[in-house]
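*Asks:* If you're matching positions, the first sequence starts at 1 in full-length UniProt numbering and goes up one per residue.
The beta carbon of each residue, even a glycine, is placed where N, CA and C say it ideally should be.
There's a structure below that I have some questions on.
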Amino acid sequence: MSPRTSRQAHVEAAAPATPTTPATPAADAFAAPLLAWFDVHGRHDLPWQHPRTPYRVWLSEIMLQQTQVRVAIPYFERFVAALPTVAALAAAPLDDVLGLWSGLGYYARARNLHAAARTCAEAHGGELPRDFDALVALPGIGRSTAGAILAQAWGDRFAILDGNVKRVLARYHGIDGWPGQPAVEKRLWGFAQAHLPRARLADYTQAQMDLGATLCTRHAPACTACPLRPGCVAYAQGRTGELPTPKPGKALPTREATLLLLRDAEGRVLLQRRPPAGVWAQLWSLPEADGEAAARAWFGDHIDGDYAHGEALDSIAHVFSHYRFNMHPRRWRAVATAAAVRDNDDLRWVPRDALAGLGIPAPVRTLVEAQFEQDQEKQP
DNA sequence: AATCCGGGGGT
DNA sequence: ACCCCAGGATT
Numbered sequence: 001m002s003p004r005t006s007r008q009a010h011v012e013a014a015a016p017a018t019p020t021t022p023a024t025p026a027a028d029a030f031a032a033p034l035l036a037w038f039d040v041h042g043r044h045d046l047p048w049q050h051p052r053t054p055y056r057v058w059l060s061e062i063m064l065q066q067t068q069v070r071v072a073i074p075y076f077e078r079f080v081a082a083l084p085t086v087a088a089l090a091a092a093p094l095d096d097v098l099g100l101w102s103g104l105g106y107y108a109r110a111r112n113l114h115a116a117a118r119t120c121a122e123a124h125g126g127e128l129p130r131d132f133d134a135l136v137a138l139p140g141i142g143r144s145t146a147g148a149i150l151a152q153a154w155g156d157r158f159a160i161l162d163g164n165v166k167r168v169l170a171r172y173h174g175i176d177g178w179p180g181q182p183a184v185e186k187r188l189w190g191f192a193q194a195h196l197p198r199a200r201l202a203d204y205t206q207a208q209m210d211l212g213a214t215l216c217t218r219h220a221p222a223c224t225a226c227p228l229r230p231g232c233v234a235y236a237q238g239r240t241g242e243l244p245t246p247k248p249g250k251a252l253p254t255r256e257a258t259l260l261l262l263r264d265a266e267g268r269v270l271l272q273r274r275p276p277a278g279v280w281a282q283l284w285s286l287p288e289a290d291g292e293a294a295a296r297a298w299f300g301d302h303i304d305g306d307y308a309h310g311e312a313l314d315s316i317a318h319v320f321s322h323y324r325f326n327m328h329p330r331r332w333r334a335v336a337t338a339a340a341v342r343d344n345d346d347l348r349w350v351p352r353d354a355l356a357g358l359g360i361p362a363p364v365r366t367l368v369e370a371q372f373e374q375d376q377e378k379q380p
C-alpha cells in the first residue's frame with residue numbers, strides 16, 4: 001500500500017469520473033436506514049445545497065469548521081452574494097474577504113480560503129480541483145473537509161469525520177475513549193469508511209451530519225426517533241449518556257495552604273468559621289493561611305506558644321471542580337489562645353463530642369477526627 | 001502523537 | 001468562567 005493510499009480517505013483506488021453507481025445500495029445496516037431517514041427528516045434547504053456547486057460546498061465547509069449552522073448561514077449568503085465564484089474570491093483583496101468574515105471568528109479560515117482560491121486560480125484553472133491530495137494541499141482543507149467537498153460536490157466516495165460523525169460512530173459502535181485521541185480517531189475513521197454506501201454520497205454525507213445535529217445530540221439524544229437505534233451499541237447498553245468519552249479535563253490549577261491544627265491542654269481543637277463566600281463558605285474548619293509566613297503571623301496574633309514546636313503532618317489533597325487544593329496541616333499540642341483572643345462566633349475551642357454537630361468540610365473532619373483517634377490509642 | 005490555535009454562542 | 005462547535009496546522 002502506497003503512502004498516498006494509506007493517507008487517503010476514500011476506499012476506491014480512483015474516484016469515478018461520474019458518480020453513477022449500480023442501483024444496489026449497500027446492505028449496510030448503517031447507511032441504508034440513515035438515508036431513508038434523511039429523505040424524510042433531513043435538512044434539504046440549506047443555502048449551500050441550492051445550487052450545490054463545488055465552490056459553495058467548499059465555502060460552507062470552511063465556515064462550518066467549529067461553527068454552528070445557524071450562525072454560519074447569514075454569513076454564507078452574504079459571502080456568496082459578494083464573491084460568487086472561485087475566480088471572484090481569488091481576485092478580491094484580502095481585506096474584502098476579512099470584512100465578509102467579520103464576526104464569524106477564526107479568521108485564519110478566511111485567510112486560508114483566500115490563499116487557496118489564489119492557488120486554484122494559478123494552478124487549477126480557476127476551479128477547485130476534484131482530487132483528494134490536491135484539496136488537502138490547499139490551506140484550510142484537511143482530510144475531513146476534503147472528503148466532504150468531494151462527496152457533496154461530486155458524489156465521490158469519500159468519508160468525513162467531523163464532530164457529528166465522531167459522536168454518532170462512537171455511540172453506534174460503543175467506542176470508549178476521547179475521539180480526539182489518535183488511536184480512537186483512527187478507529188472512527190475505519191468505521192466511517194466501512195459504512196460508506198455505494199451511491200448517494202452527497203446525501204449520505206449530509207445525512208450523517210443531520211443525524212448528529214438533530215437527533216444524536218451531545219445531550220439528551222432522541223433515540224426513540226433514531227433510524228440507527230436497532231444496531232446502536234450505546235443504546236443497547238444504556239451508555240448514550242457517557243459516549244463519546246468527554247475530553248479529559250486539563251490539569252487543574254493548584255492552591256496550597258497551611259492548616260493550623262491547634263490543641264489546648266484539654267485536647268480540644270481550635271476551629272474557625274470560614275468566610276461567607278468562596279469554597280466551604282461559613283463552614284467550620286481549621287485556621288488556614290496562605291503559606292508558612294502567613295501561618296506564622298496568624299499564630300503570633302492568636303496563640304500563646306512557640307510556632308517552631310508545630311509538627312508537620314501529612315498533606316491532604318482535595319479536588320474541587322476548578323482547582324486542586326493541597327492542604328499542609330501543622331499540629332501543636334497544649335497551646336492556648338492569647339489573652340486578647342476569646343471564643344466568639346468565628347473562632348472557638350471545640351471538644352470531641354461537639355464535632356458531630358458542626359458543619360465541617362469532609363477532609364478537615366477526617367483529619368481532626370484522626371487526632372482524637374490517636375488520643376485514644378495513646379491513653380485508652 | 002501531542003500540542004497549539006482560534007472566536008462566537010450557550011450554559 | 002467554562003465548554004461546545006461541520007478541524008487544521010504545527011512541532
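Quick one: what does DSSP say Leu64 is sitting in, helix, strand or coil?
*Replies:* Numbered from 1 along the first sequence, position 64 holds the residue referred to as residue 64. Looking at Leu64 - three-state DSSP - the assignment turns out to be coil, as it is neither helix nor strand.
*Asks:* Alpha carbon to alpha carbon, how far is Leu138 from Glu127?
*Replies:* The residue given as residue 138 occupies position 138 in the first sequence. The residue given as residue 127 occupies position 127 in the first sequence. Distance between the alpha carbons of Leu138 and Glu127: 12 Å.
*Asks:* Contact between the region 233-240 and the region 182-202 is defined here as three or more beta-carbon pairs at a separation below 8 Å; is this criterion met?
*Replies:* A contact between stretches requires three or more CB pairs, one per stretch, nearer than 8 Å, and the region 233-240 fails this requirement with the region 182-202.
*Asks:* Considering only the beta carbon of each residue, do Arg263 and Trp178 sit closer than 8 Å?
*Replies:* Your numbering for residue 263 matches position 263 in the first sequence. Your numbering for residue 178 matches position 178 in the first sequence. Cβ atoms of Arg263 and Trp178: not closer than 8 Å.
*Asks:* At what residues does the beta strand (DSSP E) containing Val319 begin and finish?
*Replies:* Looking up residue 319 in the first sequence gives position 319. Run containing Val319: Ile316 to Val319, per the beta strand (DSSP E) assignment.
*Asks:* Is the region 334-343 touching the region 353-366, taking contact as three or more C-beta pairs under 8 Å?
*Replies:* no
*Asks:* What does DSSP give as the partner residue(s) for Pro329 in the beta ladder?
*Replies:* Along the first sequence, one-based indexing puts residue 329 at 329. For Pro329, which the question treats as bridged, DSSP gives the partners Leu259.
*Asks:* DSSP three-state label for Pro25, please.
*Replies:* Reading the first sequence from its first residue, position 25 is the one you call residue 25. Note that Pro25 has pLDDT 39, beneath the 50 cutoff, so the model's placement of it is unreliable and the number below is only indicative. In the displayed model, Pro25 falls within coil according to three-state DSSP, outside both helix and strand.
*Asks:* When you compare each of Asp156, Tyr55, Trp284 and Ala207 to Ala90 by their alpha carbons, which one comes out closest?
*Replies:* Here residue 90 refers to the residue found at position 90 of the first sequence. Of Asp156, Tyr55, Trp284 and Ala207, the smallest CA-CA separation from Ala90 is found for Tyr55.
*Asks:* Checking 8 Å against the spacing of the C-beta atoms, do Thr119 and Glu61 come in under that value?
*Replies:* To locate residue 119, count along the first sequence from 1; it is residue 119. To locate residue 61, count along the first sequence from 1; it is residue 61. Not a contact, by the Cβ cut-off of 8 Å.
*Asks:* Where do the ends of the beta strand (DSSP E) carrying Gln272 lie?
*Replies:* The sequence position of residue 272 within the first sequence is 272, counting from 1. Segment Val269 to Arg273, the beta strand (DSSP E) holding Gln272.
*Asks:* Could you check the C-alpha separation between Ala31 and Ala110 for me, to the nearest Å?
*Replies:* In the first sequence, counting from the first residue as 1, residue 31 sits at position 31. In the first sequence, counting from the first residue as 1, residue 110 sits at position 110. The straight-line gap from Cα to Cα measures roughly 34 Å.
*Asks:* Between which two residues does the alpha helix (DSSP H) containing Leu150 stretch?
*Replies:* For this step, residue 150 is matched to residue 150 along the first sequence. DSSP places Leu150 inside the alpha helix (DSSP H), whose first and last residues are Arg143 to Trp154.
*Asks:* Return the bridge partner residues of Ala289 from the DSSP annotation.
*Replies:* Locating residue 289 in the first sequence gives position 289, where the first residue counts as 1. In the DSSP output, where bridge partners are listed per residue, Ala289 has Thr258.
*Asks:* Quick check on Val350: does DSSP put it in helix, strand or coil?
*Replies:* Position 350 of the first sequence holds residue 350. Strand at Val350.
*Asks:* In the DSSP assignment, the alpha helix (DSSP H) including Cys120 goes from what residue to what residue?
*Replies:* Taking the first residue of the first sequence as 1, we reach residue 120 at position 120. Annotation: the continuous alpha helix (DSSP H) that includes Cys120 extends over Ala108 to Ala123.
*Asks:* Whose C-alpha, out of Ala308, Gly163 and Ala117, is nearest the C-alpha of Ala295?
*Replies:* Reading the first sequence from its first residue, position 295 is the one you call residue 295. For Ala295, the nearest C-alpha among the options comes from Ala308.
*Asks:* Name the DSSP bridge partner or partners of Phe191?
*Replies:* Locating residue 191 in the first sequence gives position 191, counting from the first residue. Phe191 pairs with nothing; no bridge assigned.
*Asks:* State the start and end residues of the unbroken alpha helix (DSSP H) segment that holds Gly126.
*Replies:* Locating residue 126 in the first sequence gives position 126, where the first residue counts as 1. From DSSP, Gly126 is part of no alpha helix (DSSP H); its letter is neither H nor E.
*Asks:* Skipping 5 residues on each side, what residues in its chain have a beta carbon closer than 6 Å to that of His318?
*Replies:* As a working mapping, residue 318 is identified with position 318 in the first sequence. Excluding residues within five positions, the ones whose Cβ falls inside 6 Å are Phe325 and Pro363.
*Asks:* If you compare alpha carbons, which of Asp306, Glu256 and Pro197 is closest to Leu35?
*Replies:* The residue you call residue 35 lines up with position 35 of the first sequence. Closest option to Leu35, Cα to Cα, is Pro197.
*Asks:* What number of angstroms, rounded off, separates the C-alpha of Pro33 from the C-alpha of Tyr107?
*Replies:* The residue you call residue 33 lines up with position 33 of the first sequence. The residue you call residue 107 lines up with position 107 of the first sequence. Approximately 38 Å, taken between the alpha carbons.
*Asks:* Counting pairs of Cβ atoms below 8 Å between the region 128-137 and the region 149-158, do you hit three or more?
*Replies:* Of all C-beta pairs linking the region 128-137 to the region 149-158, three or more are shorter than 8 Å, placing the two stretches in contact.
*Asks:* Ignore the nearest five residues each way along the sequence and tell me which others in Asp28's own chain have a CB closer than 6 Å to its CB.
*Replies:* Numbered from its first residue, the first sequence carries residue 28 at position 28. So the qualifying residues of the chain are His195.
*Asks:* Go to Gln206, then tell me how far its alpha helix (DSSP H) extends in each direction, as first and last residue.
*Replies:* The residue labelled residue 206 in the question sits at position 206 within the first sequence. From DSSP, the alpha helix (DSSP H) with Gln206 extends over Leu201 to Thr214.
*Asks:* What's the C-alpha gap between Leu243 and Glu292?
*Replies:* Numbered from 1 along the first sequence, position 243 holds the residue referred to as residue 243. Numbered from 1 along the first sequence, position 292 holds the residue referred to as residue 292. Approximately 45 Å between the Cα atoms of the pair.
*Asks:* Please name the residue or residues paired with Ile73 in a DSSP beta bridge.
*Replies:* Position 73 of the first sequence, counted from the start, is the residue given in the question as residue 73. Ile73 is not bridged to any residue.
*Asks:* Would you report the Cα separation of Leu169 and Asp162, rounded to the nearest angstrom?
*Replies:* Along the first sequence, one-based indexing puts residue 169 at 169. Along the first sequence, one-based indexing puts residue 162 at 162. Going from the Cα of Leu169 to the Cα of Asp162 covers about 11 Å.
*Asks:* Note down the Cα distance separating Ala17 from Ala121, rounded to an integer number of angstroms.
*Replies:* The count along the first sequence starts at 1 and reaches residue 17 at position 17. The count along the first sequence starts at 1 and reaches residue 121 at position 121. Note that Ala17 scores 28 on pLDDT, short of 50, meaning its location in the model is unreliable and no value can be drawn from it.
*Asks:* Measuring CB to CB, does Leu286 end up less than 8 Å from Gln272?
*Replies:* Translated into positions along the first sequence, residue 286 becomes position 286. Translated into positions along the first sequence, residue 272 becomes position 272. Going by C-beta atoms, Leu286 is nearer than 8 Å to Gln272.
*Asks:* For Ala26, I'd like the list of residues in its chain whose CB is within less than 6 Å of its CB, leaving aside the five on either flank, ordered along the chain.
*Replies:* Within the first sequence, numbered from 1, the residue matching residue 26 stands at position 26. Caution is warranted here: a pLDDT of 43 is assigned to Ala26, below 50, making its placement in the model unreliable, and the coordinate value is therefore given only provisionally. So the list reads Pro197 and Arg198, once near-sequence residues are dropped.
*Asks:* Work out the CA separation of Gly140 and Asn112 for me, nearest whole Å.
*Replies:* Locating residue 112 in the first sequence gives position 112, where the first residue counts as 1. Locating residue 140 in the first sequence gives position 140, where the first residue counts as 1. Distance between the alpha carbons of Asn112 and Gly140: 5 Å.
*Asks:* Could you tell me if Thr258 is buried or exposed, where buried requires 16 or more neighbouring beta carbons within 10 angstroms of its beta carbon?
*Replies:* Taking the first residue of the first sequence as position 1, residue 258 is located at position 258. Classification for Thr258: buried.
*Asks:* For Thr24 and Ala115, what's the separation of their Cα atoms in angstroms?
*Replies:* Reading the first sequence from its first residue, position 24 is the one you call residue 24. Reading the first sequence from its first residue, position 115 is the one you call residue 115. Low per-residue confidence applies at Thr24: pLDDT is 36, beneath 50, and the placement is therefore not dependable, though the value from the model is reported in the following sentence. Taking the straight line joining both Cα atoms gives about 41 Å.
*Asks:* Comparing alpha-carbon positions, which option in Asn164, Arg365 and Ala356 lies nearest Thr329?
*Replies:* Taking the first sequence and counting its residues from 1, the one referred to as residue 329 is at position 329. In the sequence under discussion, the amino acid at residue 329 is Pro, which differs from the Thr named in the question. The residue with the shortest Cα to Cα distance from Pro329 is Arg365.
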